[in-house]
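Going by the working numbering, the sequence shown opens with residue 184, and the numbers climb by one from there. For every residue, glycine included, the Cβ atom is placed at its ideal position computed from N, Cα and C. Given the structure is predicted, the values throughout are model-derived calculations rather than measurements.
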Amino acid sequence: MRIAISQLVLPRDKSLDEHLQLAKSAGYEGIELSFRREELNLDMKESELQAIRDKCLEYGVVPCSACGVSAPLTSPNRDEREKGKENVVKLLRCAKALGIDAVLVVPGAVTESVPYDAAYENCLRSLMELAPIAEEIGVAIAVENVWNRFLLSPLEMRRMLDEVDSPYVGAYFDVGNVVIFGYPEQWIRILGPKIKKVHFKDFRRKGFQWTPLMEGDVNWEAVMRELKAVGYDDFVISEVGGDEEAHRKTAEAMRRIISLI
Numbered sequence: 184m185r186i187a188i189s190q191l192v193l194p195r196d197k198s199l200d201e202h203l204q205l206a207k208s209a210g211y212e213g214i215e216l217s218f219r220r221e222e223l224n225l226d227m228k229e230s231e232l233q234a235i236r237d238k239c240l241e242y243g244v245v246p247c248s249a250c251g252v253s254a255p256l257t258s259p260n261r262d263e264r265e266k267g268k269e270n271v272v273k274l275l276r277c278a279k280a281l282g283i284d285a286v287l288v289v290p291g292a293v294t295e296s297v298p299y300d301a302a303y304e305n306c307l308r309s310l311m312e313l314a315p316i317a318e319e320i321g322v323a324i325a326v327e328n329v330w331n332r333f334l335l336s337p338l339e340m341r342r343m344l345d346e347v348d349s350p351y352v353g354a355y356f357d358v359g360n361v362v363i364f365g366y367p368e369q370w371i372r373i374l375g376p377k378i379k380k381v382h383f384k385d386f387r388r389k390g391f392q393w394t395p396l397m398e399g400d401v402n403w404e405a406v407m408r409e410l411k412a413v414g415y416d417d418f419v420i421s422e423v424g425g426d427e428e429a430h431r432k433t434a435e436a437m438r439r440i441i442s443l444i
């Protein structure tokens, strides 16, 4: 495994060059590129995206994931779902040009006006429609577990992915996001090879707070044991905030974690 950092936790007032320099100097080998940043947008030409990839590689930092688009696939509004699907397809095409093999998708949420059962059916239908496009492009859709009141158990997420039944639709597993209501190692074992990408975060249940890696309630030895058992050997990506020194310490912690087993 190799370690990477998400642009989502890097300063918004810094350029891509500055992010890449920070990532390299802090010890990361890869970067998750965000399309919420001014220097990246879904309508960029292939040549522009390839230039971004070349820039990353010049710094010695591999583009390993892409994120940052609105994809309300759970929405009861058909137009919203269609726009969300369009955004996902654009992100897949951008990722292909960047040499990235999977993209992060948050598929909307359950709300008072979006019932759970309707959200599930809308999301499932949307993913089934997107799956052949992802396969044609050659980039996977990775659905992340986030605090959106949706896909609250690993059994449910696995069921949805089984129903989509495509090697190009999987899970983007965020270790820290499940600590409040579950155990990351159990999710990993249940989702197994459906996991396409992994975010590293840590969380402490007492006090309900995010912590530096290895200072919360995540059982990192169990997490690594299960990741290795399911054959995961891709980047693990930091989504831990902080200043440059904090990012350096996070990189050091990530290297200790991946050497546990």
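Beta-ladder partner(s) of residue i, from DSSP
i, result
"Tyr355", "Glu327, Lys380"
"Ala187", "Gly213, Ile420"
"Thr394", "Asp385"
"Val347", "Answer by DSSP bridge pairing: none, since Val347 is not bridged."
"Val297", "Thr294"
Status (buried if at least 16 other CB within 10 Å, exposed otherwise) for residue i
i, result
"Pro350", "exposed"
"Asn224", "exposed"
"Gly243", "exposed"
"Leu313", "buried"
"Lys384", "buried"
"Lys389", "exposed"
"Leu443", "exposed"
"Asp417", "buried"
"Leu338", "exposed"
"Gly267", "buried"
"Leu426", "One point to set straight first is that residue 426 is Asp, not Leu, in the sequence displayed. Its Cβ having fewer than 16 others within 10 Å, Asp426 is exposed."
"Asn328", "buried"
"Lys357", "Per the sequence shown, the amino acid found at residue 357 is Asp instead of Lys. By the 10 Å Cβ count, Asp357 comes out buried."
For residue i, the three-state DSSP class (helix, strand or coil)
i, result
"Asp426", "coil"
"Ala285", "strand"
"Asn360", "helix"
"Arg195", "coil"
"Tyr415", "coil"
"Ser336", "coil"
"Thr271", "Note on identity: in this sequence residue 271 is Val, with Thr being the wrong assignment. Three-state DSSP puts Val271 in a helix."
"Asp200", "helix"
"Ile444", "coil"
"Val406", "helix"
"Pro375", "The displayed chain sequence assigns Gly, not Pro, to residue 375. Here Gly375 sits in helix by DSSP."
"Tyr366", "coil"
For this session: Kindly provide the ranges of any beta strand (DSSP E) runs that are 3 or more residues long and lie completely inside the segment 215 to 263, ordered along the chain.
Result: For the segment 215 to 263, whole beta strand (DSSP E) runs of length 3 or above, ordered along the chain, are 245 to 250.
Exercise. Contact between the segment 302 to 313 and the segment 347 to 363: three or more CB pairs below 8 Å?
Worked result: Because the criterion of three Cβ pairs below 8 Å is met, the segment 302 to 313 and the segment 347 to 363 touch.
For this session: Kindly confirm or deny that the segment 335 to 351 and the segment 246 to 254 touch, where touching means at least three C-beta pairs closer than 8 Å.
Result: Cβ pair count under 8 Å is below three, so no.
For this session: Give a yes or no on contact between the segment 395 to 412 and the segment 365 to 381, applying the rule of three or more CB pairs nearer than 8 Å.
Result: Taking 8 Å as the limit for Cβ pairs, the verdict is that the segment 365 to 381 does touch the segment 395 to 412.
For this session: Flag this pair as touching only if the segment 228 to 245 and the segment 264 to 275 have three or more C-beta atom pairs under 8 Å; answer yes or no.
Result: Not touching, per the Cβ criterion.
Problem set entry | Three-pair Cβ contact test at 8 Å for the segment 426 to 441 versus the segment 204 to 214 | Enough Cβ pairs lie closer than 8 Å, so yes.
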